[in-house]
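Residue numbers (the UniProt record's numbering): 1 to 330.
All C-beta atoms in this analysis are idealised placements derived from N, C-alpha and C, irrespective of residue type, glycine included.
Contents: one structure, followed by commentary.
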């Protein structure tokens, strides 16, 4: 059974990936209810935290029912990262995670996220100092490398382990790939098979079916899977994977009633947490997957994703329930 220091995890745990404007407390709650073993916050800018920026500070909110929960931070300036660690530690998460994998330009151009993959010595130094700074277990999320010609993930993972991280999650693409092409899990397996590695190695990227999770576990021998895009608007994915592990059979998909109820709870929790305007806006990205597969659904989806009024969105849910309540999902 893998462990992150004293945090005991089940065999092949499923982790909710940190996703910007997705992995907020409402969504983490839904995923936890549906079988996620560890959840991570949206990534938080170290510079934003030390400037007390509202958008960054609100992301520190965590709740007891989420545990174990990790708060993820990103940055490239040592002093800012260490100050951010102090602020994060005061929020009492179970884990501090460092983002060395975000590929978006606004992060990379500051040498943060996946940008730091061009400067491995800095990556290792930052990690070492963060580990020294906190009493909490530190984990890292990263990618295979900057580009195909610079993949040194076996060496990088070992060096990060040697300075004290207690688990690593690796996305099977380079930064240059962004999210294009297929994730390559072979280099992640090479990290796991390195005889000097003794910390959990979690795979990330393209775990979008229960069969893919089984393949990552059985063929690649990884310690667990970090789930990202497959869970957006579909928190049931975690339980579906676990059911498949146990039975070799697919769990019946959630009914229309279950989907409407989850979407309703999700929106209401988002409004309660961040206010109506932001709650309505940031929940929109989930609706396509909540109701994927329903024919002639465009009219209702447009109501959900264009209205700024929560009452209109709730009314759209009622319409969907009434019109499509008997729809059978494949």
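Legend entry - Where residue 195 falls, given that 16 or more other Cβ within 10 Å makes a residue buried: exposed
Inset, instruction - Leaving out five residues on either side along the sequence, give the residues of the same chain with a beta carbon under 8 Å from the beta carbon of residue 281. - result: 308
Legend entry - Inter-stretch contact (C-beta, 8 Å, three-pair minimum) for the stretch 98-105 and the stretch 142-155: yes
Inset, instruction - Excluding the 5 residues preceding and the 5 following residue 147 in the sequence, name in chain order all residues of the same chain whose CB lies nearer than 6 Å to its CB. - result: 174 and 176
Inset, instruction - Going by CA-CA distance only, name the one from 198, 273, 245 and 234 that's closest to residue 255. - result: It is 234 whose Cα lies nearest to the Cα of residue 255.
Legend entry - Beta-carbon contacts of residue 137 that lie in its chain and below 6 Å, excluding the five residues immediately before and after: For residue 137, where only same-chain residues beyond five positions count, the Cβ hits under 6 Å are 4, 5, 95 and 166.
Legend entry - Where the alpha helix (DSSP H) containing residue 317 begins and where it ends: Looking at the DSSP string, the run of the alpha helix (DSSP H) that includes residue 317 is 310-324.
Inset, instruction - Determine the direct distance from the alpha carbon of residue 264 to that of residue 324, and round the result to whole angstroms. - result: 16 Å
Legend entry - contact_flag[the stretch 42-49, the stretch 72-92] where n(CB pairs < 8 Å) is 3 or more: yes
Inset, instruction - Could you tell me which residues DSSP pairs with residue 16 in its beta bridges? - result: 39 and 227
Legend entry - Exposed unless 16 or more other CB atoms sit within 10 angstroms - verdict on residue 216: buried
Inset, instruction - Pair every Cβ in the stretch 155-165 with every Cβ in the stretch 121-133, then say whether three or more of these pairs are closer than 8 Å. - result: Three or more beta-carbon pairs drawn from the stretch 155-165 and the stretch 121-133 are found closer than 8 Å, and the two stretches are therefore classed as touching.
Inset, instruction - Tell me whether the beta-carbon of residue 222 lies closer than 8 Å to the beta-carbon of residue 201. - result: yes
Inset, instruction - Specify whether the stretch 240-253 and the stretch 45-53 touch according to this definition: at least 3 beta carbon pairs, one from each stretch, less than 8 Å apart. - result: Contact fails: fewer than three Cβ-Cβ distances are below 8 Å.
Inset, instruction - Using three-state DSSP, classify residue 191 as helix, strand or coil. - result: helix
Inset, instruction - Have a look at 261, 56, 115 and 212 and flag the residue whose alpha-carbon is nearest the alpha-carbon of residue 291. - result: 261
Inset, instruction - Kindly list the residues whose CB is nearer than 8 Å to the CB of residue 77, restricted to its own chain and excluding five residues on each side of it in sequence; keep chain order. - result: 46 and 47
Inset, instruction - Return helix, strand or coil for residue 8, following the three-state DSSP convention. - result: In the three-state scheme derived from DSSP, where H, G and I count as helix and E and B as strand, residue 8 is classed as strand.
Inset, instruction - Compare the beta carbon distance of residue 232 and residue 289 with 8 Å and say whether it is the shorter of the two. - result: yes
Inset, instruction - Pull up the distance between the alpha-carbon of residue 305 and that of residue 285, whole angstroms please. - result: Going by C-alpha positions, residue 305 is about 8 Å away from residue 285.
Legend entry - DSSP-derived helix/strand/coil call for residue 202: strand
Inset, instruction - In the DSSP assignment, find the unbroken beta strand (DSSP E) run with residue 168 in it and report its ends. - result: The continuous beta strand (DSSP E) containing residue 168 extends over residues 168-171.
Inset, instruction - Compute the Euclidean distance between the alpha carbons of residue 54 and residue 193, then round it to the nearest angstrom. - result: 43 Å
Legend entry - 8 Å Cβ cutoff met for residue 80 and residue 62: Going by C-beta atoms, residue 80 is not nearer than 8 Å to residue 62.
Inset, instruction - Take residue 153 and list the residues in its own chain whose beta-carbon comes closer than 7 Å to its own, dropping the five residues that flank it on each side. - result: Contacts found: 144, 145, 170, 187 and 191.
Legend entry - Helix, strand or coil at residue 141 according to DSSP, with G and I counted as helix: Strand.
Legend entry - First through last residue of the alpha helix (DSSP H) which encompasses residue 281: 276-283
Legend entry - Same chain only: Cβ atoms within 7 Å of residue 197, ignoring 5 sequence neighbours per side: Cβ within range, chain order: 157, 158, 161 and 191.
Inset, instruction - Let me know the secondary structure DSSP gives residue 96 once reduced to three states. - result: Residue 96 sits in a strand when the DSSP states are folded into three classes.
Legend entry - Of the listed residues 313, 129 and 230, nearest to residue 22 (C-alpha basis): 230
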